[in-house]
Structures are given as structure tokens and as C-alpha cells.
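K.L.:
In my numbering, the protein residues as written are 904 to 1054.
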Amino acid sequence: MYDYYFFEKLESLHRDIQAKIYAEWNAVSPVKLSIPQTGLLQMLERGGTKTLTELAEKLYATVEGVSLLCAGLEEKGLVRRIRSEALQEDSVELTPAGWKLTRLLRGLKGELAERMAKDIPVEEWRRVDRLLAAVKRNMSENIRVEETENG
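(1) Helix, strand or coil for Ile985, going by three-state DSSP, please let me know.
(2) Of the choices Thr1005, Glu988, Ala989, whose alpha-carbon is the least far from that of Gly980?
(3) In its own chain, which residues sit with a C-beta less than 8 Å from the C-beta of Thr952, not counting the 5 before and 5 after it?
(4) Taking only runs of the beta strand (DSSP E) that begin and end inside the region 945-1021, which ones reach a length of at least 3 residues, in chain order?
(5) So, for Ala1000: in the same chain, excluding its five sequence neighbours on each side, which residues have a beta-carbon less than 7 Å away from its beta-carbon?
(6) Could you give the first and the last residue of the continuous alpha helix (DSSP H) run that contains Val931?
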């Protein structure tokens, strides 16, 4: 019933939204950030301190790539690394300046969402929400089946 092009549109929309957030962010932010740096900060805001490996998995990146992102954010005073001898891996956490900046970003994203949602009835958003929830549920079910078959 649905095909590959639906998911292409969804991916394209996601990229467009990210680009819009990035452009608006850098227009008002006192600190210029890349899209991956912005994503890393948001991830730390939502989930607290994370290891480099955890961040790499969530960002679909290498540990080395995430380490470079963190180095740039450290230079800006937004994150700090914590060396764990037990884990033998660095963890990363937001600094007070990082927390302040992520709150600013969250507010900006809220304002942008309001502007994008203008003139779209609430019921339409509910339909989109149900659709995305169903896609996520189906993905989870497919992953569990693959793990069972391969594991």
C-alpha cells in the first residue's frame, strides 16, 4: 500500500526541519554550532551524562567522530568530559553554559513548531502522531523478529 517514496518524503522533511532549526539557531545564538553538535547537546539535555559509545550509537556515528564533536563543544565551554577508569571510556556532560544554551534551543524549536503548525488543524496533527507511532511500533516488531531469527 505504501512505498519507498513515502519514507523518502519523511526523511526529506526531517532534513528540511533540521536545516531550518540550524539556520534559525545560528541567526540568534551567541554560539555557532553545526547540526551534529546541536543534536549532541539536545541528546545530553534529554538523557544526561552519556559515554562516547552511547552518543555514537544514538548519532549513528563513530566514537572518533563523536570525540571530535565533543572537542569542539568543549572549546566553546558547553560540555565537559569525565574520565571513568572503571569504564575506561570518557563520558560527556553539559556544563552550566551548555544547559543554558539547550534551553534557548528548546524555546526556539517550540517557536518554530508553532509557526510551521499554523493553519493545520489539531486533528491532522493527531493523525500524523498516530501514523508515526504505528511506524515506530512496526519497526520495533520487525527488529524483534530479526533478532529472534538471527539470535
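Note that CB positions come from ideal geometry on N, CA and C, so glycine has one too.
P.N.:
Quick answer:
(1) DSSP places Ile985 within a strand segment (E or B) once states are collapsed to three.
(2) Taking only the C-alpha atoms, the option nearest Gly980 is Thr1005.
(3) The beta carbon of Thr952 sits closer than 8 Å to those of Ile985, Ser994, Val995, Glu996, all from its chain and outside the five residues before and after it, given in chain order.
(4) Taken in chain order, the unbroken stretches of beta strand (DSSP E) that lie wholly in the region 945-1021 and span 3 residues or more are 982-987, 992-997.
(5) Here Ala1000 has Gly980, Leu981 as same chain residues with Cβ atoms under 7 Å from its own Cβ, once five neighbours each way along the sequence are excluded.
(6) Run containing Val931: 907-931, per the alpha helix (DSSP H) assignment.
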